[in-house]
Structure formats: C-alpha cells, structure tokens
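Residue numbering for the sequence shown follows numbering that gives the first Met the number 0, beginning at 0 and increasing consecutively.
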Amino acid sequence: MNRNIIFCFIILLLFSCKENIKNTVTIENESITEKKENVTAEISTDVNQLQKLIDLSEFKPENVKFKYIFIDNSKGRVPGPSDSYLEAVLYFDDKMMERILKIDKNVDFPNPNYQKNDFKFEWLDKQTLSELEKADSLKNIRPDVIFGTNNGGCMYLKNKILLIKEVN
0 MNRNIIFCFI ILLLFSCKEN IKNTVTIENE SITEKKENVT AEISTDVNQL
50 QKLIDLSEFK PENVKFKYIF IDNSKGRVPG PSDSYLEAVL YFDDKMMERI
100 LKIDKNVDFP NPNYQKNDFK FEWLDKQTLS ELEKADSLKN IRPDVIFGTN
150 NGGCMYLKNK ILLIKEVN
C-alpha cells in the first residue's frame, strides 16, 4: 500500500514539474549575425533590436523581420564614418495601418528616390514578393515620415510596410 502511495506521489510530482517547465519556456526571437572583416550583417525578427535602429515608439509593429548591414569604415580605430543599410518588413494590424496611412496621406513630401525593385529584398517570402509585384509603385512608395529615418523609404502593402534606410 505504501508503494502505491509513493508511486502516485512520484507521478504527481513529475507531472507538476513537467507542467512548470512548460510554462517557463519562452520563444526567443530569431537572430542571425554574420561578420566578415569590417562588415556585420544581421537578420532578425526581434522588435526590440529594430527599435534601436528606427523609432517605433508611436507605431510599434506586431512582428518584424529585418536585415541590417553595418560597415565599419574606420575598422574600429576611430569613431565614424560608417555606412549602414537597413531592409525591414513591419507587420501591423488593420487599425494601426489605417492610422499610419492617415498620417502619411496628410504629409506633403518630395517624390522619393526609390523604385519597386529597391524593395525586392533577397530574403523576402514569396507571398510578400507577389504582393509587391502587384502593388502600384506610384501610390505605395513614400519617403519615411513615420519611423524617423530622415532619408528612408517605405513601400505600403496590405498590413505591412517595407522599409529601406541607408546611411553612407
């Protein structure tokens, strides 16, 4: 009889530990960094990492995927001048996307120096590439007035924004 009680107690203990472990597991954001000489390239889905590169304080996306390339021209000897390139896809819900489009619509801006081909990032998924192909570049390509890049460009698609930022 004591064996049965001990056996039940051990099984109960194991199940409670297993349940506890399940609850503490969190999914990490995917991030791959590659460094060759003075060039560092990072592909990530971490919103917090992207927030270090552009201003997401007012319009925080639900999900992101981006590629950031940093070229340290000084090779670490002195600060600056360095080049950087950012390609990003920012995913928003309907309500936030409407808000962004409303603000962008009311801003007077010069014609951006970007074309649809500039937004065909090599790492984009097929669905986004297909949507990009069908989009009207005259209506959908805008200078960035939302994320504070000053010289960036945006391509508006259905509930997502393709963003380019270059510093050189």
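Every residue, glycine too, gets a C-beta built ideally from N, C-alpha and C. No experiment lies behind these values; they were computed from the predicted model shown.
Have a look at I99 and E36 and give me their C-alpha separation to the nearest angstrom.
Counting from one through the sequence shown, the residue named residue 99 turns up at place 100. Counting from one through the sequence shown, the residue named residue 36 turns up at place 37. Distance between the alpha carbons of I99 and E36 is about 39 Å.
Compute the Euclidean distance between the alpha carbons of V88 and M96, then round it to the nearest angstrom.
Along the sequence shown, read from residue 1 onward, the residue named residue 88 stands at position 89. Along the sequence shown, read from residue 1 onward, the residue named residue 96 stands at position 97. Near 13 Å, if we compare the C-alpha coordinates of M96 and V88.
Length at least 3, wholly inside the region 106 to 152: the beta strand (DSSP E) runs in chain order
140 to 142
Give me whichever residues DSSP pairs with F65 in a beta bridge.
Translated into the one-based positions of the sequence shown, residue 65 becomes position 66. Note: F65 sits in a beta bridge opposite S43 and A87.
To which residues of the same chain is D93 closer than 7 Å at the C-beta, ignoring the five residues directly before and after it?
Within the sequence shown, residue 93 is the residue found at index 94, counting from 1. For D93, where only same-chain residues beyond five positions count, the Cβ hits under 7 Å are N158.
Would you kindly check if the distance between the Cβ of G147 and the Cβ of D54 is under 7 Å?
Within the sequence shown, residue 54 is the residue found at index 55, counting from 1. Within the sequence shown, residue 147 is the residue found at index 148, counting from 1. It is a contact, given that the beta carbons lie within the stated cut-off.
Terminal residues of the continuous beta strand (DSSP E) containing L100?
Here residue 100 corresponds to residue number 101 of the sequence shown, with the count starting at 1. Where L100 is concerned, there is no enclosing beta strand (DSSP E), although the alpha helix (DSSP H) it sits in stretches over D93 to K104.
Decide if V63 is buried, meaning its Cβ has at least 16 other Cβ atoms within 10 Å, or exposed.
Your numbering for residue 63 matches position 64 in the sequence shown. Counting Cβ neighbours within 10 Å, V63 comes out buried, since at least 16 surround it.
Would you identify the three-state DSSP class for L55, choosing helix, strand or coil?
Counted from its first residue, the sequence shown places residue 55 at position 56. L55 falls in the coil class under three-state DSSP.
Starting from K159, trace the beta strand (DSSP E) in both directions and tell me its first and last residue.
Reading the sequence shown from its first residue, position 160 is the one you call residue 159. Run containing K159: K159 to V166, per the beta strand (DSSP E) assignment.
Which stretch, first to last residue, makes up the beta strand (DSSP E) that contains E33?
Stepping through the sequence shown from its first residue, residue 33 is reached at position 34. First-last of the beta strand (DSSP E) with E33: S30 to K35.
Tell me, which residues are paired with L169 by DSSP?
Past the edges of the chain, shown from 0 to 167, lies residue 169, and the structure says nothing about it.
Does the Cβ of D143 have 16 or more other Cβ atoms within 10 Å, making it buried, or fewer, making it exposed?
Counting from 1 along the sequence shown, the entry for residue 143 is found at position 144. So D143 counts as buried.
Report all residues from its chain with a CB closer than 8 Å to the CB of S30; omit the five preceding and five following residues, and keep chain order.
Your numbering for residue 30 matches position 31 in the sequence shown. Result list for S30: E41, I42, S43, T44, D45 and Q48, in chain order.
G117 and R141 look like a contact to me (Cβ under 8 Å); what is the Cβ gap, rounded to whole Å?
As a position in the sequence shown, residue 117 is number 118, starting the count at 1. As a position in the sequence shown, residue 141 is number 142, starting the count at 1. For the sequence presented, residue 117 should be read as Asp rather than Gly. Contact flag wrong, Cβ pair sits at about 13 Å.
Does any C-beta atom of chain C lie closer than 7 Å to the C-beta of S43?
In summary, chain C is missing from the structure at hand, where a single protein chain is found.
Between the Cα of F120 and those of T39, N139, K101 and Y84, spot the shortest distance and give me the residue it belongs to.
By 1-based counting over the sequence shown, the position of residue 120 is 121. The shortest Cα separation from F120 among T39, N139, K101 and Y84 belongs to Y84.
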